[in-house]
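Peer 1: Take a look at the following structure, please.
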Amino acid sequence: METRRVVFIGVGGQGNLLASRLLGEASLSKGIPAVVSEIHGMAQRGGIVESAVLMGDATSPIVSNGEADVLVGFEPLETLRALGKCNKETVVITNTHTLPPFTVSIGQGTYPPVEEIMDLIRGKAGKVISLDGNKMAAEAGNPLSLNMVMLGALIGSGAISIGPDDMKEVISSSTKEAFLESNLKAFDLGLKSAQ
Amino acid sequence: MHKLLSQDSGKEMLLLGNEAIARGALEAGVSFATCYPGTPSSEIPEQFFRISQETDLYFEYSTNEKVALEVGAAAAISGLRTMVTMKHVGLNVAADPLMTLAYVGVKGGMVIINADDPFLFSSQNEQDNRYYARLSSLPMLEPTSTQEMKDMTVAAFDLSEALELPVIIRTTTRLNHIRGHVTLGDLRPIKTKDTFQKNPFHFVCVPAVSRNLHKLLLEKYDQSLEKSENSGYNQTIGDGKWGIVANGVSFNYVRDAISDLGISDKVSLLRLGFSWPIPKALCASFLKQVDKALVVEELEPVNENDLKAIAQENRITIPIKGKGVGGLSRLFEYDPGMVRKAIAEYFGVDYQAPEGLDLSNVPDLPGRPPNLCAGCPHRATYYAVKEAYGADAINPTDIGCYTLGLLPPISMADMVICMGSSVSSSCGFSSATDQDVVSFIGDSTFFHSGITGLINAVHNNHKFTLVILDNGTTAMTGHQPHPGVDTDPMGVELTQISLEELVRGCGVKDVHLVRPFKLKKTIESVKAAKDYDGVSVIISKEFCPLFARATGQQKKVRPFQVDQDKCKNHRDCINKLACPAMFLEGERVEINSDLCIGCTICAQVCPENAILPLKK
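First to last, the sequence lines map onto chains A and B.
For the first sequence, numbering that gives the first Met the number 0 assigns the number 0 to the initial residue and increments by one for each residue that follows.
For the second sequence, numbering that gives the first Met the number 0 assigns the number 0 to the initial residue and increments by one for each residue that follows.
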C-alpha cells in the first residue's frame, strides 16, 4: 500500500493532536495501517505542536524534511515555518487566522502581514488550500472546533483516501454529546471550503 | 470501564505507545505498580491511576523514582507482578536501588519501564540508558511498535519470573508517543497478595551476602544471554551481503529505507530487540555472512562498539561502522530520510533525496517558545520576587513548568541541572559568592528531592531564600498528585502532608506563606525573607489554573480588559508579565478575553489602573 504522510502543525491548545488521533482512528476503521506520532510535555505550553499520521505500509512514525504529502497548518505563521516538511507535490492546507506568539508582543521580532505569509506559501507549495478556520469554527457555534474545520478541509482536499462519511462516523463516536452538533457542522464547513 | 480493561481478546484498538505498555502489563497480570511521572513515560501510570480505582491493581505515585523502585522491589520480592515506570533521568535517581536489586533479584515478575528522550523534547539531557543494562547486568528489551510495546511487556514479565531478575524495557519518546493499531490479548488473572519468605542471608546485602549474590547475578546473566541468543526479538532478516544492525525506533527507519531503496535482496538486517545481554553468537554469525556492516542506533555507539568487540573475538575483519556515516551522529533523534541517505551512502546505492522547497527568501520568523499559561500563578510569584530582589540575584531553579521563567521578560533562571538542584546549588552559590540567592522549586519537585538540600542548608548555616511554588499538583507532566496534594477531588483518599510543617520540620525558622495574586503582600514577604540572616522559605500557594479547571476547583471570575481611555501605554503589563492573553493591536495593548482567566496581576501592575474587569 502506498504511504501517505500527513503532517499537522499548530499551537498548543488548538487541538491538532485530537485531529491526528481521529485520522488514525478513521484509518483503523477502514483497515488502513496507520501510525500517529505526537509530542507531549513541554511543547504544549503555548509552543508549537507537531503531529503526523503515516497511512499505508511505512512503519516509521515521523516525516522527514521534504517528505510530507500533506501539511495541515492550524496557524499561518506555523504553516510557513513548517514548509521545510514539504516538496513541490505537497498539498498544503492552512488556516489564515493568525495567533501571534508572545515574543511579538514583547518586541522580539515582528509578525509578518498575513498576506505576505500567504504569498510566500502560495509561491512555494504546489497546491494550497487556505481558509479562515476560526471564522468557520465560530460559525459552527464552538470556537474550539477549529480542529474539526481543518480535518474537514483535509478530507475535502481529497489528498487522502478517507471519505467524509468515515471521518464523521469517527468524530461522532468520540465527541461528547454537547459538542457533537457544532463539531459536525465545523467539519462540514471545512469540507465544503476545500472541495 | 477503562478502555484498557477490555476483555475483548483479538479486538484491534488505536493505542498510544504508553497505553500499549499499560495494556501489556494488565495482560501479564500486573497487580502492583509505582512510578514518579516524567515525560515521555507519564501516560503509563496515568492509566494505572485510573484503572486502580476500578480494579484490585495497587498503584501509587511515589515521592521519587528511588522510592518507587524500592516500594516495587518489596512487592516483587514478595511475589507480586510489579511494574515501575520512569523517564531516563529518573533511573539516575533510582540507580542506587537498581544496582543491588539486581543482586537480590525478584520472585514475582518485575518490569522497569525506562523512557529515554533523544532530542530532549522534554528533558535536561539525552543520556543513553542502554548503559544501565550493562552497568547492572539486567536484561533489556527494546520494542519497535505499539503492538510490540504491548507484547514485549507481557514477554518481559515472563522473562523476569524465569530469570528471577528485574527486566528493563527501554523506550524512546518516539515510541511512547506514537499511536498505532494494537490487537488485544487475554487478560491474565491477578494475584493481589502474597507472603514474604524471610531469608536474611539473601535479602540483607551486607558484604558477605553480596559476594555470593554477585556470583549469582553472573550466573543469571549467563542464563539471560542464552535466552537472548534464542529470542524471537533478536533475528536476522534476509541473507544479503550488506549487513545492517538496528534497534528500537531506528529499526523502522531501516526497514522503510530498505524498501524505499529497493535493496531487500542485497541486505541482511539484524534486529536487536532483546538487546542486553547482546546475543554474541547470533551477532558473530551475522557478521560472518556479510561483507560490511552498518549499525543504526540513536545516541551512543553502544551496539557498534559491542559488535566490533564481537568481531575481534571471532577474528572477523569486515568494516563495521555506525556513527559518522551520512548524518548518523551521537546527537538527537534519527529520521527516515537521514537513515535512507546513510544506508545509500555506505553501500553505494544511487539515491536522490526528495527535493524540498527553496525557502531561502523566507524572512526570520518570530519564535514561539512555550510560555507560562495565562493566569499562571508562577508569573505573579516571579514578578513579586523580582520587585523585592531586583534582577541581579542568582536564581537557581528547578524542573517543572516554572523552568519557563528562563525566558524574557521574566528571565529568572540561572541554573538547573536536575530535580532538587535548586536548593543544594543555592547552598553553594550563597557560600561561594557574596551575591543574593533566591531559588525556585515546585511543590512536587520539593517532595521529590528538595528536602535533603533544605536540611543541608539549615544545618550548614547557609543564607538564601527558597521559593516553593505550591500549585497543588505536578503540573508539567499532566497533573499527577504528590504528597502535598489534597487528592479527594481526584477520587482517592490519600494523606496530605503540610508543606509548611515539613519545611519547619527541616529546621527553617523563617517561613512565609503567600498568595501570589496578592502582589503587595507577597512583595513584602519576599523583602522580609531577603532581610533574614539565614535560610528563608516562601511557600507561594495558588492552584495551577489548568488543574483547577480539570478538577472543578476553578473560581468564577471575570476576564479583564484594557480601558483604552485610561491606558497611557506604559506597557508594564506586557513588558514585565508577557501573559499570553495580552497582545498588541497596532500600538495598543489588548487582552484576549477567551484566554484571560481574571488573575488580576496585570491590573495590579498597571500604574494607571487602566486594566479593569470586562463589563458584562
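All C-beta atoms, glycine included, are put in the ideal place defined by N, C-alpha and C.
Any beta carbon of chain B sitting closer than 9 Å to that of A57 of chain A?
Peer 2: To locate residue 57 of chain A, count along the first sequence from 1; it is residue 58. Output row for A57 of chain A: interface = yes.
Peer 1: What is the rounded straight-line gap between the Cα of L82 of chain A and the Cα of D187 of chain A?
Peer 2: Position 83 of the first sequence, counted from the start, is the residue given in the question as residue 82 of chain A. Position 188 of the first sequence, counted from the start, is the residue given in the question as residue 187 of chain A. Their backbone Cα atoms lie some 26 Å apart in a straight line.
Peer 1: Whose C-beta lies closer than 8 Å to the C-beta of M489 of chain B among residues of the same chain, with five residues either side of it excluded?
Peer 2: For the purposes of this step, residue 489 of chain B is taken as residue 490 along the second sequence, with counting starting at 1. If we look at M489 of chain B and ignore the five residues flanking it on each side, its Cβ neighbours are P480 and T550.
Peer 1: If you measure from the beta carbon of N124 of chain B to each beta carbon in chain A, is any gap under 9 Å?
Peer 2: Mapped onto the second sequence, residue 124 of chain B falls at position 125. Cβ-Cβ to chain A under 9 Å: no for N124 of chain B.
Peer 1: Alpha carbon to alpha carbon, what distance is there between M0 of chain B and S8 of chain B?
Peer 2: Counted from its first residue, the second sequence places residue 8 of chain B at position 9. Counted from its first residue, the second sequence places residue 0 of chain B at position 1. C-alpha separation (whole angstroms): 16 Å.
Peer 1: Determine, using beta-carbon pairs with one atom in the region 66-83 of chain B and one in the region 21-37 of chain B, whether at least three such pairs fall under 8 Å.
Peer 2: Touching, yes, given that three or more Cβ pairs across the two stretches are closer than 8 Å.
Peer 1: Could you please give me the residues that DSSP links to M0 of chain A through a beta bridge?
Peer 2: Taking the first residue of the first sequence as 1, we reach residue 0 of chain A at position 1. Its beta-bridge partners do not exist; DSSP assigns none.
Peer 1: Below 8 Å on the Cβ atoms is my guess for V534 of chain B versus I610 of chain B; work out the distance and round it to an integer in Å.
Peer 2: Here residue 534 of chain B refers to the residue found at position 535 of the second sequence. Here residue 610 of chain B refers to the residue found at position 611 of the second sequence. At roughly 37 Å, the Cβ-Cβ gap does not stay under 8 Å, so V534 of chain B and I610 of chain B are not in contact.
Peer 1: Should F101 of chain A go down as buried or exposed, given a rule of 16 or more other Cβ atoms within 10 Å for buried?
Peer 2: Mapped onto the first sequence, residue 101 of chain A falls at position 102. Buried, since its Cβ has 16 or more Cβ neighbours within 10 Å.
Peer 1: For chain A, find out if any of its Cβ atoms is closer than 9 Å to the Cβ of A132 of chain B; answer yes or no.
Peer 2: Within the second sequence, residue 132 of chain B is the residue found at index 133, counting from 1. A132 of chain B does not count as touching chain A.
Peer 1: I need the straight-line Cα distance from I622 of chain B to E160 of chain B, nearest angstrom please.
Peer 2: Look at the range of chain B in this structure, 0 to 615, and you will see that residue 622 of chain B is not part of it.
Peer 1: Can you tell me where the alpha helix (DSSP H) with K520 of chain B in it begins and where it stops?
Peer 2: To locate residue 520 of chain B, count along the second sequence from 1; it is residue 521. L518 to D530 is the extent of the alpha helix (DSSP H) around K520 of chain B.
Peer 1: Answer yes if the region 147-156 of chain B comes into contact with the region 196-211 of chain B, meaning at least three C-beta pairs across the two stretches below 8 Å, and no otherwise.
Peer 2: Cβ pair count under 8 Å is below three, so no.
Peer 1: Which same chain residues end up closer than 7 Å to E18 of chain B when comparing Cβ atoms and leaving out the 5 residues on each side of it in sequence?
Peer 2: For this step, residue 18 of chain B is matched to residue 19 along the second sequence. Excluding positions up to five away in sequence, the list reads L3, E42 and Q46.
Peer 1: Of the residues A:P111, A:G140 and A:N64, which one's Cα is nearest the Cα of A177 of chain A?
Peer 2: Start at 1 with the first residue of the first sequence, and residue 177 of chain A comes out as number 178. Minimum Cα distance to A177 of chain A is reached at A:G140.
Peer 1: Indicate whether G272 of chain B and G597 of chain B have their beta-carbon atoms separated by less than 9 Å.
Peer 2: What you label residue 272 of chain B is simply residue 273 of the second sequence in a count that begins at 1. What you label residue 597 of chain B is simply residue 598 of the second sequence in a count that begins at 1. No, the pair does not count as a contact, with Cβ atoms beyond the cut-off.
Peer 1: Quick one: residues in its chain with C-beta nearer than 7 Å to the C-beta of G14 of chain A, no 5 flanking neighbours on either side, listed in chain order?
Peer 2: As a position in the first sequence, residue 14 of chain A is number 15, starting the count at 1. Contacts found: L143, L145 and N146.
Peer 1: Anything in chain B within Cβ reach of F101 of chain A, meaning under 7 Å, just list it in chain order.
Peer 2: Here residue 101 of chain A corresponds to residue number 102 of the first sequence, with the count starting at 1. Near F101 of chain A (Cβ distances below 7 Å), the residues of chain B are N370, A577 and P579.
Peer 1: For C400 of chain B, decide whether its Cβ has a neighbour in chain A, counting only Cβ atoms nearer than 9 Å.
Peer 2: For the purposes of this step, residue 400 of chain B is taken as the residue at position 401 of the second sequence. Cβ-Cβ to chain A under 9 Å: yes for C400 of chain B.
Peer 1: Is there a Cβ of chain B sitting closer than 9 Å to that of P111 of chain A, yes or no?
Peer 2: Numbered from its first residue, the first sequence carries residue 111 of chain A at position 112. Chain B, which has a Cβ nearer than 9 Å to the Cβ of P111 of chain A, makes this yes.
Peer 1: Exposed or buried, what is S421 of chain B when buried is set at 16 or more other beta-carbons lying within 10 Å of its beta-carbon?
Peer 2: Reading the second sequence from its first residue, position 422 is the one you call residue 421 of chain B. Buried is the call here.
Peer 1: Tell me which same chain residues have a C-beta within less than 6 Å of the C-beta of L14 of chain B, skipping the five on either side of it?
Peer 2: The count along the second sequence starts at 1 and reaches residue 14 of chain B at position 15. Closer than 6 Å at Cβ, skipping near neighbours: T145 and V181.
Peer 1: Could you name the residues of chain A that V66 of chain B contacts, counting a contact when the two beta carbons are closer than 9 Å?
Peer 2: In the second sequence, the residue the question calls residue 66 of chain B occupies position 67. The premise fails here: V66 of chain B is roughly 22 Å from chain A at the closest Cβ pair, so nothing lies under 9 Å.
Peer 1: When you compare the CB of I177 of chain B with every CB in chain A, is at least one pair closer than 9 Å?
Peer 2: As a first step, residue 177 of chain B is located in the second sequence; it is residue number 178 there, counting from the start. Chain A, which has a Cβ nearer than 9 Å to the Cβ of I177 of chain B, makes this yes.
Peer 1: Is the beta carbon of F546 of chain B sitting closer than 9 Å to the one on A474 of chain B?
Peer 2: Start at 1 with the first residue of the second sequence, and residue 546 of chain B comes out as number 547. Start at 1 with the first residue of the second sequence, and residue 474 of chain B comes out as number 475. Contact: yes.
Peer 1: Would you mind working out which of B:V457, B:V502, B:E499 and B:E584 sits nearest D532 of chain B, comparing C-alpha positions?
Peer 2: To locate residue 532 of chain B, count along the second sequence from 1; it is residue 533. The shortest Cα separation from D532 of chain B among B:V457, B:V502, B:E499 and B:E584 belongs to B:V457.
Peer 1: Could you name the residues of chain A that E337 of chain B contacts, counting a contact when the two beta carbons are closer than 9 Å?
Peer 2: Taking the first residue of the second sequence as position 1, residue 337 of chain B is located at position 338. Note on identity: in this sequence residue 337 of chain B is Met, with Glu being the wrong assignment. The contacting residues are S63.
Peer 1: Kindly provide the ranges of any beta strand (DSSP E) runs that are 3 or more residues long and lie completely inside the region 531-593 of chain B, ordered along the chain.
Peer 2: With a minimum length of 3 residues, the continuous beta strand (DSSP E) runs that stay inside the region 531-593 of chain B are 534-540, 559-561, 581-584 and 587-590.
Peer 1: Would you say E492 of chain B reaches chain A, if we count a Cβ-Cβ gap shorter than 9 Å as a contact?
Peer 2: Residue numbering aside, residue 492 of chain B sits at position 493 when the second sequence is read from its first letter. So, not an interface residue.
Peer 1: Determine, for N360 of chain B, whether the minimum Cβ-Cβ distance to residues of chain A falls below 9 Å.
Peer 2: Walking along the second sequence from the start, residue 360 of chain B turns up at place 361. Cβ-Cβ to chain A under 9 Å: yes for N360 of chain B.
Peer 1: In chain order, what residues of the region 239-252 of chain B put their CB closer than 9 Å to some CB of chain A?
Peer 2: Per Cβ criterion, the list reads V248, F250, N251 and Y252.
Peer 1: Please give the ranges of any beta strand (DSSP E) in the region 32-102 of chain B, keeping only runs that are unbroken, at least 3 residues long and fully inside the region.
Peer 2: Segments of the beta strand (DSSP E) lying fully in the region 32-102 of chain B: 57-60 and 81-86.
Peer 1: Is the separation between the beta-carbon of E97 of chain A and that of E74 of chain A shorter than 9 Å?
Peer 2: Here residue 97 of chain A refers to the residue found at position 98 of the first sequence. Here residue 74 of chain A refers to the residue found at position 75 of the first sequence. Position check: residue 97 of chain A holds Thr in this sequence, whereas Glu was assumed. Against a cut-off of 9 Å, the Cβ pair of E74 of chain A and T97 of chain A comes out as a contact.
Peer 1: In the DSSP assignment, find the alpha helix (DSSP H) that holds L427 of chain B and state where it starts and stops.
Peer 2: On the second sequence, residue 427 of chain B is found 428 positions in, with the first residue counted as 1. Leu is not the amino acid found at residue 427 of chain B; the sequence shown has Gly there. S420 to A431 is the span of the alpha helix (DSSP H), which, as asked, contains G427 of chain B.
Peer 1: Which residues, taken in chain order from the region 346-360 of chain B, show a beta carbon closer than 8 Å to some beta carbon of chain A?
Peer 2: Of all residues in the region 346-360 of chain B, A352, P353, E354, G355, L356, D357, L358 and N360 have a Cβ within less than 8 Å of some Cβ in chain A.
Peer 1: Just to make sure I have the definition right: I need the residues of chain A whose C-beta is within less than 8 Å of the C-beta of I573 of chain B. Which are they?
Peer 2: Mapped onto the second sequence, residue 573 of chain B falls at position 574. Under the 8 Å cutoff, chain A gives S104 and I105.
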